[in-house]
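**Q** Numbering (the numbering used here), first residue to last: 22 to 200. Below are the structure tokens for one structure; questions will follow.
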């Protein structure tokens with residue numbers, strides 16, 4: 022299962038180059054290393070039907086809307102590919118993607134977990150991935166820049182923006198933030 026998912030996801034997103042794991046001063050795990058984006062790892066918990074993988078994403082902008090549009094575009098392609106796997110809805114109940122986005126800290130580029138994308142295999146199998154939509158909920162609608170949201174909300178050096186992918190009238194919908 023892991024190998025097949027790895028092959029399909031890497032075909033869409035690419036594989037991250039080797040990286041070096043470091044700890045910042047606060048004891049928070051970060052990734053420092055090459056500029057390259059791609060999938061880092063996959064874990065499949067067969068007994069739980071739980072699949073998780075990590076993706077290093079290079080953003081092309083600091084615009085909140087453009088980053089979310091990039092997420093929607095890239096992961097619609099990933100989920101469309103996974104929807105063609107035989108028995109995906111039998112083998113996986115829940116799928117979570119940890120998205121790492123580079124940040125500058127002490128003049129070094131480090132990779133920080135910035136978003137968690139979660140969905141179900143039923144959504145992967147049944148949603149139409151051709152015309153996905155997204156919705157920013159609650160306070161997120163007031164942020165034009167991702168870095169501003171991060172600065173305003175980052176307490177304790179750990180902050181993850183939740184992204185839930187659902188099916189809305191047959192189409193995929195990415196809900197960004199906490200409802």
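In this text, a Cβ means the ideal position worked out from N, Cα and C, and glycines have one as well.
Does the segment 82 to 92 come close enough to the segment 157 to 166 that 3 or more CB-CB pairs lie under 8 Å?
**A** Taking 8 Å as the limit for Cβ pairs, the verdict is that the segment 82 to 92 does touch the segment 157 to 166.
**Q** Looking at the strands, I want to know which residues DSSP matches up with residue 189.
**A** As a first step, residue 189 is located in the chain shown; it is residue number 168 there, counting from the start. 192, per the DSSP bridge assignment.
**Q** Which residues in the same chain have their Cβ closer than 7 Å to the Cβ of residue 36, if we skip the five residues on either side of it in sequence?
**A** For the purposes of this step, residue 36 is taken as residue 15 along the chain shown, with counting starting at 1. Correct list, in chain order: 59, 60.
**Q** Closest to residue 62 by CA distance: which of 123, 38, 80, 102 is it?
**A** Residue numbering aside, residue 62 sits at position 41 when the chain shown is read from its first letter. The candidate whose alpha carbon is nearest that of residue 62 is 38.
**Q** May I have a chain-ordered list of the beta strand (DSSP E) segments no shorter than 3 residues that lie completely inside the segment 79 to 158?
**A** Correct list: 115 to 126, 129 to 141, 149 to 157.
**Q** Thinking C-alpha only, which one of 198, 186, 67 is nearest residue 145?
**A** Taking the chain shown and counting its residues from 1, the one referred to as residue 145 is at position 124. Checked all of 198, 186, 67; the closest Cα to residue 145 is 186.
**Q** What residues match up with residue 36 in a beta bridge as DSSP calls it?
**A** Working through the chain shown from its first residue, we reach residue 36 at position 15. DSSP lists 60 as partners of residue 36.
**Q** If you run the structure through DSSP and keep just helix, strand and coil, what is residue 26?
**A** Here residue 26 refers to the residue found at position 5 of the chain shown. The answer is helix: DSSP assigns residue 26 an H, G or I state.
**Q** Looking only at its chain, what residues have a beta carbon closer than 6 Å to the beta carbon of residue 98, apart from the 5 residues adjacent to it on each side?
**A** In the chain shown, residue 98 corresponds to position 77, counting from 1. Closer than 6 Å at the Cβ level, and outside the excluded window around residue 98, lie 33.
**Q** Who are the near neighbours of residue 147 in its chain, counting only those whose CB is closer than 7 Å to its CB and skipping five residues on each side?
**A** In the chain shown, the residue the question calls residue 147 occupies position 126. The residues are 188.
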